[in-house]
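K.L.:
Shown below is the structure under consideration.
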Amino acid sequence: GAGVSQSPSNKVTEKGKDVELRCDPISGHTALYWYRQSLGQGLEFLIYFQGNSAPDKSGLPSDRFSAERTGGSVSTLTIQRTQQEDSAVYLCASSLAHPGGGTDTQYFGPGTRLTVL
Amino acid sequence: AQSVTQLGSHVSVSEGALVLLRCNYSSSVPPYLFWYVQYPNQGLQLLLKYTSAATLVKGINGFEAEFKKSETSFHLTKPSAHMSDAAEYFCAVRSTGGSYIPTFGRGTSLIVHP
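For the record, the sequence lines run as chains A and B. Numbers 1 to 117, taken from my numbering, label the letters of the first sequence in order. Numbers 1 to 114, taken from my numbering, label the letters of the second sequence in order.
This is the structure:
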């Protein structure tokens, strides 16, 4: 597609439910990133994919959070047993990630606004 | 290790006035530096980036930023603010080697008064 797309744009769920957030990166981008943006906070890195593998998942806040990427394209971020503190905007970005290419630019999707009641 | 500090969570200017958004970074190796803009209910959009070429970088929408190594700064400026510039601005730093993961600042909200 022309840009990074995310779905749903908004998600309201009850505490304790599981949610799945989807990211469709720009075609041909091998790197994919998930960030969390809470009110008044900057972007908090969650996980990074290179192809289908995740070399860096150091930002996942707990074992309730997991992500996968299949076919080097679409990624799904899953939050199990949601808590109110999970409420935030979840942003996805993709990049070409040329090895050694320091000028790699991230392109962001519009985000999914998650509200946990 | 790398980090970014954006001074001022909110900056308010009048339409037509100079815009100055401050960003200071910390990096153990020469960095790449980025400014992004986020309009309400949208994702982040790249404004400009420093990649060790020219220290004065020009971006979209009339914005520019100057890399000053001695001050470890990468402040964003625009000579004359427009109402449409009202948005959240994020500075980010990435090391020149290794990880592709940039570190973002907390953001500065630019408010433009008529």
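Glycine is no exception: its CB is placed at the ideal position from the N, C-alpha and C atoms.
What would DSSP say about asparagine 52 (chain A), mapped onto helix, strand or coil?
P.N.:
Note: asparagine 52 (chain A) maps to coil in three-state DSSP.
K.L.:
With DSSP as the reference, identify every bridge partner of alanine 88 (chain A), one or two as the case may be.
P.N.:
DSSP output for alanine 88 (chain A) lists A:Leu114 as bridge partner(s).
K.L.:
Residues in the same chain with beta-carbon distance under 7 angstroms from threonine 87 (chain A), minus the five sequence neighbours each way, listed in chain order, please.
P.N.:
Rather than threonine, the amino acid found at residue 87 (chain A) in this sequence is serine. Cβ within range, chain order: Leu114, Thr115 and Val116.
K.L.:
CA-CA distance, phenylalanine 74 (chain B) and glutamate 15 (chain B)?
P.N.:
Cα to Cα, the separation comes out at about 23 angstroms.
K.L.:
Quick one: which residues of the region 78–92 of chain A get their C-beta closer than 7 angstroms to a C-beta of chain B? List them in chain order.
P.N.:
Under the 7 angstroms Cβ criterion, the region 78–92 of chain A contributes Leu91.
K.L.:
Let me know if tyrosine 39 (chain B) comes out buried or exposed under the rule of 16 or more other beta-carbons within 10 Å of its beta-carbon.
P.N.:
By the 10 Å Cβ count, tyrosine 39 (chain B) comes out exposed.
K.L.:
Assuming lysine 68 (chain B) is part of the beta strand (DSSP E), what are its boundary residues?
P.N.:
First-last of the beta strand (DSSP E) with lysine 68 (chain B): 64–68.
K.L.:
What residue range is occupied by the uninterrupted beta strand (DSSP E) comprising lysine 31 (chain B)?
P.N.:
The question names lysine, but residue 31 (chain B) is proline in the sequence shown. Start and end: 31–38.
K.L.:
Determine the chain A residues that contact tyrosine 89 (chain B) at a beta-carbon separation under 9 angstroms, and present them in chain order.
P.N.:
Simply none; closest approach about 11 angstroms.
K.L.:
When you check each C-beta in the region 32–43 of chain B against every C-beta of chain A, which residues fall closer than 9 angstroms?
P.N.:
Those residues of the region 32–43 of chain B that come within reach of chain A (Cβ to Cβ, closer than 9 angstroms) are Tyr32, Phe34, Tyr36, Gln38, Asn41, Gln42 and Gly43.
K.L.:
Counting only C-beta atoms, is aspartate 18 (chain A) closer than 8 angstroms to chain B at any point?
P.N.:
No, no contact with chain B.
K.L.:
At the level of alpha carbons, what is the spacing between alanine 86 (chain B) and valine 112 (chain B)?
P.N.:
One C-alpha to the other measures close to 6 angstroms.
K.L.:
Count Cβ pairs between the region 11–25 of chain A and the region 68–80 of chain A that sit closer than 8 angstroms; are there 3 or more?
P.N.:
Because the criterion of three Cβ pairs below 8 angstroms is met, the region 11–25 of chain A and the region 68–80 of chain A touch.
K.L.:
Which of the three DSSP states, helix, strand or coil, is assigned to aspartate 24 (chain A)?
P.N.:
Note: aspartate 24 (chain A) maps to strand in three-state DSSP.
K.L.:
From the beta carbon of glycine 107 (chain B), is the nearest beta carbon of chain A less than 8 angstroms away?
P.N.:
Closer than 8 angstroms to some Cβ of chain A, the Cβ of glycine 107 (chain B) qualifies, so yes.
K.L.:
Does the beta-carbon distance from leucine 46 (chain A) to tryptophan 34 (chain A) come in below 8 angstroms?
P.N.:
Contact flag set, yes.
K.L.:
Compare the C-beta of lysine 49 (chain B) against all C-beta atoms of chain A and say whether one is closer than 8 angstroms.
P.N.:
Yes - at least one Cβ of chain A is within 8 angstroms of the one on lysine 49 (chain B).
K.L.:
Let me check understanding here. Comparing Cα to Cα, which of A:Arg69, A:Arg64, A:Thr105 and A:Ser62 lies closest to proline 55 (chain A)?
P.N.:
Answer by Cα proximity: A:Arg69.
K.L.:
Could you pull out every residue in the same chain whose Cβ sits closer than 8 angstroms to the Cβ of valine 74 (chain A), ignoring the five residues on either side in sequence?
P.N.:
Answer for valine 74 (chain A): Arg22, Cys23, Asp24 and Pro25, listed in chain order.
K.L.:
If you compare alpha carbons, which of B:Phe90, B:Pro30 and B:Met83 is closest to glycine 8 (chain B)?
P.N.:
It is B:Phe90 whose Cα lies nearest to the Cα of glycine 8 (chain B).
K.L.:
Looking at the structure shown, is histidine 41 (chain B) part of a helix, part of a strand, or coil, going by DSSP?
P.N.:
Inspection of the sequence shows that residue 41 (chain B) is occupied by asparagine rather than by histidine. Looking at asparagine 41 (chain B) - three-state DSSP - the assignment turns out to be coil, as it is neither helix nor strand.
K.L.:
Could you give the DSSP three-state label for serine 38 (chain A): helix, strand or coil?
P.N.:
In the structure shown, serine 38 (chain A) sits in coil (DSSP, three-state: anything other than H, G, I, E or B).
K.L.:
Under three-state DSSP, which class holds isoleucine 101 (chain B)?
P.N.:
If DSSP states are grouped into helix, strand and coil, isoleucine 101 (chain B) belongs with coil.
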